[in-house]
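All the letters of the sequence shown, read from the start, carry residue numbers 4 to 249 under the working numbering. Data block below; observations after.
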Amino acid sequence: MNICLIVAVSNPGCTDRIREAFLEQAHSLIPGAQINQFILPKDGPSYCLGCKACFFKDMSACPHLKATLPIWQAMEDADLLVFITPTYVFSIPGQLKALLDHFGSRWIVHKPSPRMIGKQALVINQSVGAGFKSTLLPLKHSLRFWGVRCVYSVKARLGMTDYDLVEQKVKTKLNRQIGETLRKMIGRQHDASPGLMTKLLYRGMAFGHQGIHKMLQKKGQPVTSDYLFWQKEGWLDGHFPWKSKD
Ligand SMILES: Cc1cc2nc3c(=O)[nH]c(=O)nc-3n(C[C@H](O)[C@H](O)[C@H](O)COP(=O)(O)O)c2cc1C
Numbered sequence: 004m005n006i007c008l009i010v011a012v013s014n015p016g017c018t019d020r021i022r023e024a025f026l027e028q029a030h031s032l033i034p035g036a037q038i039n040q041f042i043l044p045k046d047g048p049s050y051c052l053g054c055k056a057c058f059f060k061d062m063s064a065c066p067h068l069k070a071t072l073p074i075w076q077a078m079e080d081a082d083l084l085v086f087i088t089p090t091y092v093f094s095i096p097g098q099l100k101a102l103l104d105h106f107g108s109r110w111i112v113h114k115p116s117p118r119m120i121g122k123q124a125l126v127i128n129q130s131v132g133a134g135f136k137s138t139l140l141p142l143k144h145s146l147r148f149w150g151v152r153c154v155y156s157v158k159a160r161l162g163m164t165d166y167d168l169v170e171q172k173v174k175t176k177l178n179r180q181i182g183e184t185l186r187k188m189i190g191r192q193h194d195a196s197p198g199l200m201t202k203l204l205y206r207g208m209a210f211g212h213q214g215i216h217k218m219l220q221k222k223g224q225p226v227t228s229d230y231l232f233w234q235k236e237g238w239l240d241g242h243f244p245w246k247s248k249d
């Protein structure tokens with residue numbers, strides 16, 4: 004099994020210790036697992052410049068492609084996507100947000116990758132005490148809008164910023180939850196069907212792109228690259244990617 008692991012921070016603290024705990028469990032539960040790790044900010048892109056080249060053309064036109072492409076390809080190749088992140092001011096750290104911004108053009112509404120359909124993802128979020136809901140939200144948004152079917156989360160309220168001082172019962176609970184969630188994900192791995200939200204978004208956008216295209220034509224505007232992409236894939240005619248998988 005192939006896992007793409009993205010860790011939001013690189014300092015040797017709690018997040019890194021949780022990364023080690025995750026790796027230990029993943030290797031013991033999934034013998035022979037291939038784990039492709041990316042540790043931010045080192046392995047990630049700089050901030051999105053807002054040039055919109057990815058929206059107007061495609062992802063290959065991004066000035067930060069050297070950093071973004073290996074991560075996107077690793078996610079496409081992976082059976083499971085795993086994010087490990089602390090909470091920073093009730094949200095994800097900026098470097099993780101910068102990474103997600105670069106994949107906005109791969110949301111279902113623009114130029115989605117059919118390879119994301121049916122995938123499962125796990126987000127492990129630790130904080131001293133508060134902010135889980137708002138931290139998980141931006142990650143869940145991106146994952147669901149890329150077409151990921153199931154997003155699991157494990158939340159750890161550490162109560163301390165030094166992992167050696169975190170109570171043993173908190174660490175035991177975290178490890179147990181990681182193990183249980185991984186087992187659940189392994190058990191559901193055979194099902195690569197798209198989720199309801201994915202199907203609805205693809206179907207809705209097939210209409211949406213046709214409507215936008217007609218409106219732009221009336222105004223004498225050029226055809227959008229999103230429309231051409233959907234046309235080339237056959238999705239405007241209802242030949243959705245999961246149909247070839249059925
Ligand atoms: C800039 C910054 C902002 C943080 N914001 C929060 C927060 O909003 N809520 C919280 O419970 N912990 C917060 N923390 C604590 C972290 O979530 C984390 O528990 C702590 O940094 C220990 O993890 P680490 O050793 O991997 O850095 C913050 C830490 C930093 C550095």
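Positions of the beta carbon are idealized from the N, C-alpha and C atoms, including for glycine.
{"Query": "Flag this pair as yes or no: are the beta carbons of residue 197 and residue 162 separated by less than 8 Å?", "Result": "no"}
{"Query": "Less than 8 Å between the beta carbons of residue 156 and residue 128, yes or no?", "Result": "yes"}
{"Query": "The alpha helix (DSSP H) with residue 179 in it runs from where to where?", "Result": "171-190"}
{"Query": "Going by C-alpha to C-alpha distance, which of 40, 207 and 145 sits closest to residue 95?", "Result": "145"}
{"Query": "Please classify residue 92 as buried or exposed, where buried requires at least 16 neighbouring CB atoms within 10 angstroms.", "Result": "exposed"}
{"Query": "Based on the DSSP output, what are the partners of residue 86 in its beta bridges?", "Result": "9 and 126"}
{"Query": "Between residue 81 and residue 5, which are expected to be in contact by the criterion C-beta below 8 Å, what is the C-beta distance as a whole number of angstroms?", "Result": "5 Å"}
{"Query": "Leaving out five residues before and five after residue 164 in sequence, what residues of the same chain have Cβ atoms less than 8 Å from its Cβ?", "Result": "16, 17 and 131"}
{"Query": "Return the CA-CA distance between residue 7 and residue 36, expressed in angstroms with no decimal places.", "Result": "10 Å"}
{"Query": "Quick test of the definition: if touching needs 3 or more C-beta pairs under 8 Å, does the stretch 213-223 touch the stretch 171-190?", "Result": "no"}
{"Query": "Distance, Cα to Cα, residue 110 vs residue 229?", "Result": "11 Å"}
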